[in-house]
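Each residue of the sequence shown is one higher than the last, beginning at 0 in numbering that gives the first Met the number 0.
Positions of the beta carbon are idealized from the N, C-alpha and C atoms, including for glycine.
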Amino acid sequence: MTDQISRSLIRKLNKFPHVKKAYTYALEVISEKVSACVLTKLACERFINDLKKSEEESYPYTFDCEKGERICVFAEMLPHVKGKWARHSMLERLIILEPWQCFLFANLTGWIHKKTKLRRYREAYIEVPRKNGKSLIAAVIGLYFFLIDKEPGAEVYCGATTEKQAYEVFRPARRMCEVRPELTKHFDIAIYQQALKLPDESLFQPIIGKPGDGSSPHLAILDEYHEHPDSTAYDAMQTGMGAREQPLLLIITTAGFNSESPCHEKHDDCVKVLSKAVQDEEQFVLIYSIDSTDDPFCIESLIKANPNYAVSVMPEYLTRQCETAKRSPAAQNKYLVKHLNVWTTSDEAFFNMVEWQNLADPTLKIEQFKGAKSIFALDLASKLDICAFILLFVKVIDGKKHYFVFANHYLPEETIDDTENVNFHLYQKFIRTMDSNSSPVLTSVPGAETDFNAIKQDIVTYAHQFAPTEVAFDIWNAQSLMQECGREGLPVVEVPQVARTLSPGMKEIESAIRAGRIHHDGNPVLTWCMSNVIAQEDRNGNFRPVKKRKSTKIDSAVALIMAISRAMLVKSMSISEAVSLGYGVRML
């Protein structure tokens with residue numbers, strides 16, 4: 000790789016110790032002298048390749064070593080203000096940057112436009128596990144843009160969803176100024192409880208949610224973006240930057256549990272930038288995690304995902320977390336997300352959503368299953384919310400039951416268009432998405448509530464095509480529709496929403512996911528609902544699906560659980576036995 004870069008450029012890089020450290024780090028990651036996941040390797044390859052291209056006249060960017068060095072030098076003039084380092088004398092407590100931090104800092108400020116000399120990167124996405132110094136990194140960048148960037152009236156905001164989180168970045172930045180009075184005196188910093196200010200009206204302050212009207216961020220830091228329920232803060236920050244020449248929107252976060260969150264969407268976009276599926280020269284990306292083939296419970300994976308391993312995140316601590324996760328399935332998702340930076344689902348999720356998503360097959364078409372045994376199931380929890388209609392097909396392959404799942408979802412248009420609804424952005428995304436059969440994954444129903452007649456027509460149409468063995472209903476809100484379907488000659492059955500009747504389906508889905516016996520077309524509404532299911536266990540070890548918050552929806556997952564519960568019972572007991580045990584009552 001080095002012979003692709005001119006010797007003169009290498010000599011220039013070597014004159015700046017922190018830039019040299021950044022460059023060496025990139026080479027060592029690429030050559031696997033430093034353990035890193037494929038996404039980190041792609042970021043390093045991008046840096047090296049861009050250095051090579053910068054020597055071409057047609058390439059619009061160049062790397063300014065002085066600018067890349069300056070932020071690193073500034074960082075090492077600042078003190079640690081938390082942890083064991085904060086107890087030392089001033090000289091001993093000064094920050095010493097690790098190679099990966101030099102790589103991060105130098106990239107952010109070193110790349111500039113050849114013509115304008117303005118910064119190249121307008122947005123940065125940094126994803127790194129807990130305890131790797133995210134708050135310190137954000138505080139250093141915040142102070143640099145506030146004090147050193149020479150932006151008149153600079154506005155630096157650190158935003159989060161809660162006051163506590165907003166202060167996770169601002170508090171260490173403020174404390175750094177308090178601990179170094181010479182810094183405060185030199186720049187004439189006015190230190191307040193909720194802001195830092197300069198004589199030219201520059202300010203650095205935390206905010207909860209989005210900045211007010213009239214704000215013009217020079218730097219906006221979105222800390223722990225995975226906790227944001229929607230993109231409101233991101234959109235407001237980005238919009239407010241229009242008047243600045245070289246602003247930066249910095250997202251610094253761990254992975255999260257919600258695969259439908261704006262942070263996960265940004266993560267996916269950034270992965271596409273690294274893989275060159277999308278070209279965005281002004282987006283910087285640095286992601287630390289493990290690869291899909293790695294054993295999450297080995298020391299090598301912990302080292303790979305945690306660039307500050309044995310520096311700020313102690314091996315003993317990570318080992319304890321690893322051992323706990325090995326023993327407790329309930330702790331595994333938290334371990335994967337917080338310490339290996341692997342996106343997964345709810346920290347209490349019942350289903351393994353990584354495996355569920357791996358089983359998605361967008362080539363599945365419903366017409367492939369004519370003649371196959373089928374069971375329909377409906378969850379009509381509310382006319383104002385998502386109504387779910389599941390079509391389940393069962394085939395025996397190599398002596399084992401395989402389940403093929405298709406889903407239809409209905410939602411009133413007034414709910415979809417309600418901007419105050421916490422799921423507004425998610426519903427807007429769903430309404431534009433098509434399933435494998437070229438139908439919307441979420442059907443908009445005119446008016447303020449769902450007209451069950453529209454759903455009835457779909458049920459009857461599909462029933463004529465596939466002749467379901469049963470059409471299972473949650474009787475809540477559905478008695479009238481159930482009776483109408485019965486009068487149409489459909490084999491309707493009520494499924495009580497209790498642990499005794501639903502637990503078999505939940506356990507079978509869990510087992511089928513693990514064994515690869517459940518197949519679906521990747522419907523995102525169904526996947527979202529599945530990811531929201533947590534289990535409520537009774538004294539007999541039976542499970543019932545529940546959700547953690549009112550805003551999370553499990554309707555489609557409940558319908559699937561009903562369908563598979565019925566699929567397990569159809570041949571294993573008579574109708575009279577099922578009725579006597581409370582498993583369902585036919586209404587013909």
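| message | Taking a contact to mean a Cβ-Cβ separation below 7 Å, would you say L339 touches A304 in this structure? | response | yes
| field | Continuous beta strand (DSSP E) stretch holding I220: start and end | value | L218 to D222
| said: I'd like to know if the region 387 to 401 and the region 358 to 377 are in contact, where contact means that at least 3 CB-CB pairs between them fall below 8 Å. | reply: yes
| field | Selection from S435, E536, F472 and L525 that minimises the alpha carbon distance to N503 | value | In the sequence on display, residue 503 carries Pro and not Asn. Checked all of S435, E536, F472 and L525; the closest Cα to P503 is E536.
| said: As a quick exercise: from V494, G152 and V532, pick the residue whose alpha carbon is nearest that of V470. | reply: V494
| request: Can you tell me which of the three DSSP states M481 falls into? | output: helix
| task | Specify the secondary structure class of Q331 as computed by DSSP and reduced to three states. | result | helix
| query | Expressed to the nearest angstrom, what Euclidean distance is found between the alpha-carbon atoms of I289 and W342? | reply | 11 Å
| According to DSSP, is R118 helix, strand or coil? | R118: strand per DSSP, three-state reduction.
| request: Leaving aside the five residues before and after V37 along the sequence, list all residues of the same chain whose C-beta is less than 7 Å from its C-beta, in chain order. | output: D290
| query | How many angstroms separate the CA atom of V168 from the CA atom of Q204? | reply | 10 Å
| query | What is the residue span of the alpha helix (DSSP H) that Y143 lies within? | reply | K133 to L146
| Residues bridged to S373 [DSSP beta-bridge criterion] | F392
| Beta-bridge pairing of F429 - partner residues as DSSP gives them | Bridge partners of F429: none, in fact.
| Are M481 and I560 touching if we call contact CB-CB under 7 Å? | Cβ atoms of M481 and I560: not closer than 7 Å.
| If you check the beta carbons only, do A232 and G158 fall under 7 Å apart? | Their beta carbons are under 7 Å apart, which means A232 touches G158 by this criterion.
| field | Cβ neighbour criterion (16 or more within 10 Å) applied to D520 | value | buried
| request: Would you decide whether G583 is buried or exposed? Buried here means 16 or more other CB atoms lie within 10 Å of its CB. | output: Bear in mind that a pLDDT of 41 at G583, under 50, signals an unreliable position, so the number given afterwards is only what the model happens to contain. It counts as buried.
| Are L77 and I94 close, meaning C-beta to C-beta below 7 Å? | Cβ atoms of L77 and I94: closer than 7 Å.
| query | Taking just the CA atoms, how far does Y308 sit from T292? | reply | Between T292 and Y308, the C-alpha separation is close to 21 Å.
| In whole angstroms, what is the alpha-carbon distance linking Y58 and Y287? | 28 Å
| Between L12 and V18, which are expected to be in contact by the criterion C-beta below 8 Å, what is the C-beta distance as a whole number of angstroms? | 5 Å between Cβ atoms; contact.
| message | Please return the same chain residues whose Cβ sits closer than 7 Å to the Cβ of W99, not counting the five positions on each side in sequence. | response | Y24 and P306
| field | Residue interval of the beta strand (DSSP E) (run including L285) | value | Q282 to I286
| Just reading off the beta strand (DSSP E) that Y60 is part of, what are its end residues? | Note, Y60: beta strand (DSSP E), Y60 to F62.
| Which residue's Cα is closest to the Cα of D457: L489, F296 and L218? | L489
| query | Hey, quick one: how far does the alpha helix (DSSP H) through S510 stretch, first residue to last? | reply | A498 to A514
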